[in-house]
Amino acid sequence: MKTGTKGAMPGKWIVMLFLAAAFGIAVVWVSGSDRRPPPDPNAPREYTYGKFTAANGMELHYLRTEPSNVTPAVVNQNVVLTPYYGINGGFFYQSDLLSIAVVNDVPVYPEKNGYGDGGANVKYARGTLVWDGATGALSVQVVRQASELRVFDRSRYWAQGGISMLPGDEESWEEQAAAENAPYAEDERLRSAAAFDRDGQLYLIVSANKGTLRAFREAILEGFGQDVLADGIFLDGDGSSQLRSRQKELKGDGRPVVQMLRLLN
268 MKTGTKGAMP
278 GKWIVMLFLA
288 AAFGIAVVWV
298 SGSDRRPPPD
308 PNAPREYTYG
318 KFTAANGMEL
328 HYLRTEPSNV
338 TPAVVNQNVV
348 LTPYYGINGG
358 FFYQSDLLSI
368 AVVNDVPVYP
378 EKNGYGDGGA
388 NVKYARGTLV
398 WDGATGALSV
408 QVVRQASELR
418 VFDRSRYWAQ
428 GGISMLPGDE
438 ESWEEQAAAE
448 NAPYAEDERL
458 RSAAAFDRDG
468 QLYLIVSANK
478 GTLRAFREAI
488 LEGFGQDVLA
498 DGIFLDGDGS
508 SQLRSRQKEL
518 KGDGRPVVQM
528 LRLLN
């Protein structure tokens, strides 16, 4: 697996300085079209950032961390423009979540009070990444409803819906992805995923360039190792593929997303 590095916090304010010589006045103009939140000295540090380019040309960026350091969270904003570090979450339509996103058996968007609140993978049973806080274990479970998830303690877990990756199954992963209605699998799109290795480390992965779902999966297996990865899911893609950390920002096409996987510490 390619190694990651931790870097210094980048300054992201776009500032232009004009000198009004005739009046001896310095005027500062700050762009408001793509305004980032100011640097936060208390932003998460318990992660490792890394990147690599696979043989097929896909450039992947990732955040490696403990699953206990992650939570699904509603943001209704482009990930780059939030005050948080992490990547985009599951599928959505307008303001409704179409993928499971729950914490301790509570949907992350309770204001919705039902449809679109994160309590279900709408229409399809889909691969759902589950962290069981009682056992410390990650798993991928194919379910429709959050109530179907199998955990030791329903007050100590989080779950994020997506599409099954099946890194150890070359024969049937595409069939399973099709059964879960993976969108635009054959198109050249930006991609994102969450996968975990056999030591229980979680990888939040976003591509910086476009590829098919197969090309994205191939790049992940090349970069992290098919024998190293235990399982994972594909998340929302295309312009929703977004990442924010100290070292790198990927804003997709600039669109807001409803929900993200957020680093806590």
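For what it's worth, our numbering labels the leading residue of the sequence shown as 268, then goes sequentially. Just so it is clear, CB atoms sit at the ideal spot from N, CA and C, and this is done for glycine as well.
Inset, instruction - Answer yes or no: do residue 481 and residue 346 have a C-beta to C-beta separation smaller than 7 Å? - result: Against a cut-off of 7 Å, the Cβ pair of residue 346 and residue 481 comes out as no contact.
Inset, instruction - Return helix, strand or coil for residue 355, following the three-state DSSP convention. - result: strand
Inset, instruction - Tell me whether the beta-carbon of residue 385 lies closer than 7 Å to the beta-carbon of residue 397. - result: No, these two residues do not count as a Cβ contact at 7 Å.
Inset, instruction - Report the rounded CA-to-CA distance for residue 441 versus residue 350, giving the unit in angstroms. - result: 36 Å
Inset, instruction - Compare the beta carbon distance of residue 509 and residue 364 with 7 Å and say whether it is the shorter of the two. - result: no
Inset, instruction - Please go through the same chain and pick out, in chain order, the residues whose beta-carbon is closer than 8 Å to the beta-carbon of residue 534, but skip the five residues on each side of it. - result: Not covered by the structure: residue 534. The range shown for the chain is 268 to 532.
Legend entry - Short Cβ contact (7 Å threshold) for residue 328 with residue 418: no
Legend entry - Where residue 483 falls: helix, strand or coil (DSSP): helix
Legend entry - residue 453 in three-state terms, based on DSSP: coil
Legend entry - Cβ-based burial, residue 431 [other Cβ within 10 Å; buried from 16]: Note on residue 431: 16 or more other CB atoms within 10 angstroms of its CB, so buried under the neighbour-count rule.
Inset, instruction - To the nearest angstrom, report how far apart residue 427 and residue 514 are at their CA atoms. - result: 25 Å
Legend entry - Limits of the unbroken beta strand (DSSP E) element including residue 462: 459-464
Inset, instruction - Measure the CB-CB distance between residue 356 and residue 528 and report whether it falls below 7 Å. - result: yes
Legend entry - Inter-residue CB distance, residue 462 and residue 434 (contact presumed, cutoff 8 Å): 7 Å between Cβ atoms; contact.
Inset, instruction - Return the CA-CA distance between residue 325 and residue 503, expressed in angstroms with no decimal places. - result: Straight-line Cα distance between these residues: approximately 17 Å.
Legend entry - Status (buried if at least 16 other CB within 10 Å, exposed otherwise) for residue 445: exposed
Inset, instruction - Consult DSSP for residue 521 and reduce its assignment to one of helix, strand or coil. - result: coil
Inset, instruction - Could you check the C-alpha separation between residue 420 and residue 408 for me, to the nearest Å? - result: 16 Å
Legend entry - Bridge-paired residues (DSSP) for residue 374: 369
Inset, instruction - Could you pull the start and end residues of the beta strand (DSSP E) that residue 404 belongs to? - result: Taken as a continuous stretch (DSSP letters only), the beta strand (DSSP E) holding residue 404 covers 404-410.
Inset, instruction - Run the CB neighbour count on residue 383, radius 10 Å, all protein chains shown included, and call it buried at 16 or more, exposed below. - result: buried
Legend entry - Boundaries (first-last residue) of the beta strand (DSSP E) holding residue 427: 424-428
Inset, instruction - For residue 520, count neighbouring Cβ atoms within 10 angstroms of its own Cβ and tell me buried if that reaches 16, exposed if not. - result: exposed
Inset, instruction - For residue 406, I'd like the list of residues in its chain whose CB is within less than 6 Å of its CB, leaving aside the five on either flank, ordered along the chain. - result: 397
Legend entry - Cα-Cα separation between residue 532 and residue 437, rounded to whole angstroms: 35 Å
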